[in-house]
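J.: In this note's numbering, the protein residues as written are 17 to 285.
Where is the CB? At the ideal position from N, CA and C, for every residue including glycine.
1. Is it buried or exposed, residue 263, if we count other Cβ atoms within 10 angstroms and call 16 or more buried?
2. Have a look at residue 88 and residue 57 and give me their C-alpha separation to the nearest angstrom.
3. My assumption, with CB atoms under 8 Å, is that residue 242 sits in contact with residue 261. Please give the rounded CB distance.
4. At 3 residues or longer, and completely inside the segment 60-86: list those beta strand (DSSP E) runs for me, N to C.
5. Take residue 143 as the anchor and find which of 121, 21 and 172 has the nearest alpha-carbon.
6. Does the distance from the C-beta atom of residue 123 to that of residue 99 stay below 8 Å?
7. Spatial neighbours of residue 286 within its chain, please: CB distance less than 8 Å, with the 5 preceding and 5 following residues excluded, ordered by chain position.
8. Would you list the residues sitting across from residue 157 in a DSSP beta bridge?
9. Assign residue 142 to one of three DSSP states: helix, strand, or coil.
10. Which residues in the same chain have their Cβ closer than 6 Å to the Cβ of residue 214, if we skip the five residues on either side of it in sequence?
11. Quick one: what's got a C-beta closer than 6 Å to residue 47's C-beta in the same chain, skipping five residues either side?
12. For a test of the three-state rule: what should DSSP assign to residue 149, helix, strand or coil?
13. Where does residue 19 fall in DSSP's three states?
14. Beta carbon of residue 204, beta carbon of residue 224: below 8 Å?
15. With a Cβ-Cβ cutoff of 8 Å, do residue 210 and residue 276 count as a contact?
16. Exposed or buried, residue 110, counting other C-beta atoms within 10 Å across all chains shown (16 or more means buried)?
17. Let me know the beta strand (DSSP E) ranges lying completely inside the segment 170-258, each 3 residues or longer, listed in chain order.
18. Could you check whether residue 105 and residue 299 sit closer than 8 Å to each other, using their CB atoms as the reference points?
19. Only counting the same chain, and skipping five residues up and downstream in sequence, which positions put a Cβ closer than 6 Å to that of residue 117?
20. Using the beta-carbon count (16 or more within 10 Å), is residue 244 buried or exposed?
21. Among residues of its own chain, excluding the 5 on either side of residue 90, which ones have a beta-carbon nearer than 8 Å to its beta-carbon?
22. Report the option in 200, 270, 232 and 73 whose CA atom is closest to the CA atom of residue 21.
23. Drop a sphere of 10 angstroms on the beta-carbon of residue 51, count the other beta-carbons inside from all chains shown, and report buried for 16 or more, exposed for fewer.
24. Going by CA-CA distance only, name the one from 38, 64, 49 and 44 that's closest to residue 187.
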């Protein structure tokens, strides 16, 4: 029976169930926790600039980030005032999740980047549509790690970029399951590794490094079948020395589990 490790945290129970329904043994190794920034001065400063007409374009990257930003803003201004100010800017989004959040607050969306929803699609959308970037002030809602490539691409197009970090990632409080999974990988006890975000890979390597096992873990992980939820996670894994064996046909957890396990079984013969 295949032994499959998932690094998912927030939806770990769902991932375990998906793996088990495919007849495999599931190992849960939560690799991150999401933390709202305690000091929301960046968001409040953005709000002041937005309502005073100093922002030309707002780019939302995630649904959770968009909601978190709005939650902070309504502590000082009414949603009506926020929506009105955003209506006077151009609103860009990456992927479907920010769209739902914004529309539920009656905030219009001008352009949405297509799948697979990486920063490259955002840049391609800007280049292929009449979005006036040059000389404009662009507020960039960041999540997790700073969006250096996207910010630089906007600057290359002569935009003035103002990053607005909303939440960040930290290691989970209980590292024992992740440490155990790292050691199990090195021992050859795991067949499949599933990553549903880029930050999971970063944090897993961070913990392996703290244990003095980074090199050993990377070498052992290369012998496993690695499934990546999509291009952003794949790009991060590759930058860390791991090449995923599969991205699912759709960037959903169910597709990731089914298709990666099918590949692992076919590889076994």
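T.: Looking at the coordinates:
1. Looking up residue 263 in the chain shown gives position 247. By the neighbour-count rule (16 or more Cβ atoms within 10 Å), residue 263 is buried.
2. Locating residue 88 in the chain shown gives position 72, counting from the first residue. Locating residue 57 in the chain shown gives position 41, counting from the first residue. If you take the alpha carbons of residue 88 and residue 57, they lie about 10 Å apart.
3. Taking the first residue of the chain shown as 1, we reach residue 242 at position 226. Taking the first residue of the chain shown as 1, we reach residue 261 at position 245. About 5 Å separates the two Cβ atoms, so the contact holds.
4. Here the runs fully enclosed are 73-76.
5. The residue you call residue 143 lines up with position 127 of the chain shown. When each option's Cα is compared against that of residue 143, the closest is 172.
6. Here residue 123 refers to the residue found at position 107 when the chain shown is read from its first residue. Here residue 99 refers to the residue found at position 83 when the chain shown is read from its first residue. A contact, by the Cβ cut-off of 8 Å.
7. Residue numbering for the chain in the displayed model covers 17 to 285; residue 286 lies beyond these limits and cannot be assessed.
8. Mapped onto the chain shown, residue 157 falls at position 141. Residue 157 is bridged to 180.
9. Mapped onto the chain shown, residue 142 falls at position 126. Look at residue 142 here: in three-state DSSP terms it is helix.
10. Here residue 214 corresponds to residue number 198 of the chain shown, with the count starting at 1. Result list for residue 214: 248, 249 and 252, in chain order.
11. As a position in the chain shown, residue 47 is number 31, starting the count at 1. Around residue 47, the same chain offers 23, 194, 216, 219 and 220 as residues with beta carbons nearer than 6 Å, after the five sequence neighbours per side are excluded.
12. Position 133 of the chain shown holds residue 149. The three-state reading of DSSP puts residue 149 in coil, since its state is none of H, G, I, E or B.
13. Stepping through the chain shown from its first residue, residue 19 is reached at position 3. In the displayed model, residue 19 falls within a strand according to three-state DSSP.
14. Position 188 of the chain shown holds residue 204. Position 208 of the chain shown holds residue 224. No, the pair does not count as a contact, with Cβ atoms beyond the cut-off.
15. Residue mapping note: residue 210 aligns to position 194 of the chain shown, counting from 1. Residue mapping note: residue 276 aligns to position 260 of the chain shown, counting from 1. Cβ atoms of residue 210 and residue 276: closer than 8 Å.
16. Locating residue 110 in the chain shown gives position 94, counting from the first residue. Burial is judged here by how many other beta carbons sit within 10 angstroms of a residue's own beta carbon; residue 110 has at least 16 and is buried.
17. If one requires a minimum length of 3 residues, the beta strand (DSSP E) runs lying completely within the segment 170-258 are 176-181, 183-186, 208-211 and 241-244, in chain order.
18. Given that the chain is displayed from residue 17 to residue 285, the structure contains no residue 299 and the question cannot be resolved.
19. Here the question's residue 117 lines up with position 101 in the chain shown. Hits under 6 Å: 79, 82 and 83.
20. Locating residue 244 in the chain shown gives position 228, counting from the first residue. That one is buried.
21. Locating residue 90 in the chain shown gives position 74, counting from the first residue. Excluding sequence neighbours, residue 90 sits near 98.
22. The residue you call residue 21 lines up with position 5 of the chain shown. Of the listed residues, the one whose Cα sits closest to residue 21 is 200.
23. The residue given as residue 51 occupies position 35 in the chain shown. Exposed is the label assigned to residue 51, since fewer than 16 other Cβ atoms lie within 10 Å of its Cβ.
24. Stepping through the chain shown from its first residue, residue 187 is reached at position 171. It is 49 whose Cα lies nearest to the Cα of residue 187.
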